[in-house]
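In my numbering, the protein residues as written are 11 to 451.
No residue lacks a Cβ here, since even glycine has one placed at the ideal position from N, Cα and C.
All remarks here apply to the structure that follows.
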Ligand code: XUL
Ligand code: CO
């Protein structure tokens with residue numbers, strides 16, 4: 011007998027509401043005011059905040075040096091299906107109390123993987139029906155679904171890029187299953203994060219063949235999803251390494267080059283994660299800008315790394331300068347295409363109170379909301395945009411404009427240079443730009 015959840019997991023914590031910066035209630039938003047309009051959209055519409063099922067409801071805090079520290083009451087059941095229903099109850103209770111609108115999942119966050127593909131598929135169908143019912147009751151939505159093709163030992167040499175075709179076929183079967191699940195749950199997007207699509211050593215790797223296989227795999231997945239009526243976006247989530255030494259989806263520029271080379275750039279966009287950007291030696295705002303410039307800024311995985319040790323620590327966002335600079339890119343490009351802001355972040359191993367999960371998401375949402383407000387004011391009330399435009403004004407008229415259009419050849423450039431003489435030095439004004447950000451914070 012499966013019992014439908016009526017149990018309250020987060021007792022004593024009610025709906026989190028906006029109370030503004032005067033409030034000293036730690037369980038209230040100080041900046042995230044869902045219905046407040048900023049630059050023509052409500053905050054809720056801008057962000058579509060999502061929770062990551064894996065970090066918040068599965069991960070108990072184990073690390074290579076010790077076991078988990080958190081006891082999740084929802085996983086305590088001998089029956090794996092009952093445990094997955096309990097977990098869904100806890101997740102929906104949490105999201106509803108947070109006032110967020112979306113969630114993201116891997117297949118094996120929702121259920122424990124079965125002993126066979128068919129058993130996993132059966133379990134997925136059952137949890138899908140359960141989640142469908144809960145979505146109807148609560149109006150919560152799936153921002154994206156994805157397949158975990160990196161944890162099981164069979165994927166130790168990769169999934170779509172595995173040198174063994176049998177593993178590639180198995181990964182395809184799993185992705186098909188999760189596409190079906192995502193469609194059944196009205197999921198808005200589908201994500202590919204290539205955890206083990208890369209190599210541990212180039213010595214034993216035929217990189218070209220593996221990348222060709224990845225492209226075929228992605229295009230067949232796209233074709234299948236479209237044939238089943240899926241209208242959403244496909245997102246690739248770049249990351250340079252970890253768990254592989256080298257991941258093929260290294261960073262935004264690499265992924266865009268790959269998508270264009272294989273003709274996948276019409277269906278696929280990017281899901282940019284803060285900590286993946288910093289692992290690739292970029293800033294988050296750099297990765298957003300690269301994606302936006304190719305019209306591929308699809309979605310965001312929000313978190314932050316540790317700026318000293320450089321691991322993928324997946325901490326909750328709280329760096330207001332970093333997120334403000336990101337929100338400048340975000341607003342200037344009209345936000346995200348189809349996606350939202352998913353908190354792909356985990357509370358620390360020694361954060362063991364149930365309320366810590368709330369505090370973390372409140373902090374993350376408030377950081378994004380505050381940064382959005384600041385960026386909006388910078389764009390509306392400062393000379394920021396004018397200063398950037400002025401740096402390029404020599405291309406707005408005359409010969410500069412002709413050059414930009416491609417109408418001036420190299421010989422003519424040579425003659426112009428002779429004519430101009432030594433150009434005067436023009437300051438880049440970096441400190442002024444930094445002061446403007448500071449002033450508006
Ligand atoms: C791993 C990571 C994943 C993806 C989904 O670093 O970010 O959780 O977001 O597979
Ligand atoms: Co992620």
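Proximity winner among the options, relative to residue i (alpha-carbon distances)
| i | options | result |
| --- | --- | --- |
| residue 335 | 387, 320, 174 and 163 | 387 |
| residue 159 | 117, 436, 278 and 377 | 117 |
| residue 450 | 390, 415 and 120 | 390 |
| residue 293 | 337, 272 and 257 | 337 |
| residue 362 | 84, 46, 38 and 79 | 79 |
| residue 42 | 85, 436, 222 and 382 | 382 |
| residue 161 | 153, 151, 181 and 152 | 181 |
| residue 437 | 255, 400 and 405 | 400 |
| residue 320 | 286, 281 and 342 | 286 |
| residue 346 | 371, 65, 280 and 329 | 280 |
| residue 378 | 405, 332 and 146 | 332 |
| residue 20 | 71, 84, 44 and 29 | 84 |
| residue 277 | 300, 249, 264 and 240 | 240 |
| residue 146 | 374, 176 and 196 | 196 |
Within 8 Å, strictly: CB atoms of residue i and residue j
| i | j | result |
| --- | --- | --- |
| residue 228 | residue 274 | yes |
| residue 253 | residue 205 | yes |
| residue 446 | residue 402 | no |
| residue 302 | residue 351 | no |
| residue 107 | residue 17 | no |
| residue 444 | residue 354 | no |
| residue 104 | residue 369 | no |
| residue 94 | residue 61 | no |
| residue 225 | residue 200 | no |
| residue 348 | residue 198 | yes |
| residue 112 | residue 51 | no |
| residue 365 | residue 150 | no |
| residue 376 | residue 40 | yes |
Under the three-state DSSP convention, the category residue i falls into
| i | result |
| --- | --- |
| residue 362 | coil |
| residue 398 | helix |
| residue 60 | strand |
| residue 54 | helix |
| residue 229 | helix |
| residue 257 | strand |
| residue 282 | strand |
| residue 240 | coil |
| residue 71 | coil |
| residue 16 | coil |
| residue 151 | strand |
| residue 270 | helix |
| residue 76 | strand |
| residue 48 | strand |
Exposed unless 16 or more other CB atoms sit within 10 angstroms - verdict on residue i
| i | result |
| --- | --- |
| residue 88 | exposed |
| residue 398 | exposed |
| residue 130 | buried |
| residue 326 | buried |
| residue 288 | buried |
| residue 407 | exposed |
| residue 309 | buried |
| residue 185 | buried |
| residue 384 | buried |
| residue 420 | exposed |
| residue 163 | exposed |
| residue 231 | buried |
| residue 53 | buried |
Length of the line joining the Cα atoms of residue i and residue j
| i | j | result |
| --- | --- | --- |
| residue 6 | residue 135 | The chain is shown only over 11 to 451; residue 6 falls outside these bounds and no answer can be derived. |
| residue 55 | residue 434 | 47 Å |
| residue 173 | residue 188 | 23 Å |
| residue 268 | residue 296 | 18 Å |
| residue 217 | residue 244 | 23 Å |
| residue 115 | residue 141 | 12 Å |
| residue 99 | residue 356 | 19 Å |
| residue 318 | residue 359 | 18 Å |
| residue 11 | residue 102 | For residue 11, the pLDDT reaches just 45, beneath the cut-off of 50, and the residue's location in the model is therefore unreliable, although a value from the coordinates is still provided. In a straight line, the C-alpha of residue 11 is about 21 Å away from that of residue 102. |
| residue 48 | residue 76 | 45 Å |
| residue 46 | residue 33 | 18 Å |
| residue 123 | residue 63 | 15 Å |
| residue 220 | residue 170 | 8 Å |
| residue 157 | residue 119 | 10 Å |
| residue 203 | residue 82 | 26 Å |
| residue 256 | residue 211 | 8 Å |
| residue 27 | residue 258 | 42 Å |
| residue 223 | residue 73 | 33 Å |
| residue 442 | residue 424 | 34 Å |
| residue 178 | residue 30 | 51 Å |
| residue 290 | residue 260 | 7 Å |
| residue 272 | residue 265 | 11 Å |
Ligand 3 heavy atom lying under 7 Å from the CB of residue i
| i | result |
| --- | --- |
| residue 119 | You won't find ligand 3 in this model; what it holds is ligand 1 and ligand 2. |
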